[in-house]
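**Student:**
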């Protein structure tokens, strides 16, 4: 997946379920590329594209999708990326993946409600964002990166950049949490427990 564009002109998308490391990996990728990181959620809040409800900002996806966001020379990140940024506005999309068991621990530390945890764990378990990216951007433009065991966002950011440069192959379909869960009854119980 070698991109002919100069790095400073690239338009990179970074997405994944909440808790997979988009913000930290985006910040590290920005440091090593010089590209400006742009949070879709922060952009929506700043421009009042949505409303506050019970202490949480709910983005108006339809309105955000109509915004003409300048993506040139930027890293656009957020779990809503494949729903609001069209394919012609991005050169490459990195999808961050993380084990539902690890996500559960991260959500607990963030103080997520049970329903919010369940919704996000289900989305990761069922590859919702990954499949939406495939539908929105085509396989040639996307790659997945597993952040489950990576404690250093810099290492993930470096892998993303090496993939963009064609130094390592772009990989899609690198994880299947449902396949892992179905390998044994113990795995299945552990996965289901992570959704309680």
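Numbering (this note's numbering), first residue to last: 422 to 617. Where is the CB? At the ideal position from N, CA and C, for every residue including glycine. What you are looking at is a predicted structure, and each value in this text was computed from that prediction instead of being measured.
#1: Quick check on residue 574: does DSSP put it in helix, strand or coil?
#2: Would you identify the three-state DSSP class for residue 498, choosing helix, strand or coil?
#3: Do you know whose CA, among 496, 427, 441 and 468, lies nearest residue 551's CA?
#4: Is residue 436 helix, strand or coil when you go by DSSP?
#5: Going along the chain, which unbroken runs of the alpha helix (DSSP H) with 4 or more residues stay wholly within the segment 437–519?
#6: With 16 as the cutoff for other CB atoms within 10 Å, does residue 615 come out buried or exposed?
#7: Identify, in the order they occur along the chain, each residue of the same chain with its Cβ nearer than 8 Å to the Cβ of residue 494, setting aside the five sequence neighbours on each side.
#8: Is it true that the segment 482–491 meets the segment 521–535, where meeting means three or more beta-carbon pairs spaced less than 8 Å apart?
**Tutor:** If we stick to the structure as given:
#1: Helix.
#2: strand
#3: 441
#4: strand
#5: Restricting attention to alpha helix (DSSP H) runs no shorter than 4 residues, the segment 437–519 encloses them at 443–454, 461–467, 482–487 and 502–505, ordered along the chain.
#6: In this prediction, residue 615 has a pLDDT of 49, which is less than 50 and means its spatial position is unreliable; what the coordinates show is noted afterwards. Counting Cβ neighbours within 10 Å, residue 615 comes out buried, since at least 16 surround it.
#7: 429, 430, 431, 432, 456 and 457
#8: no
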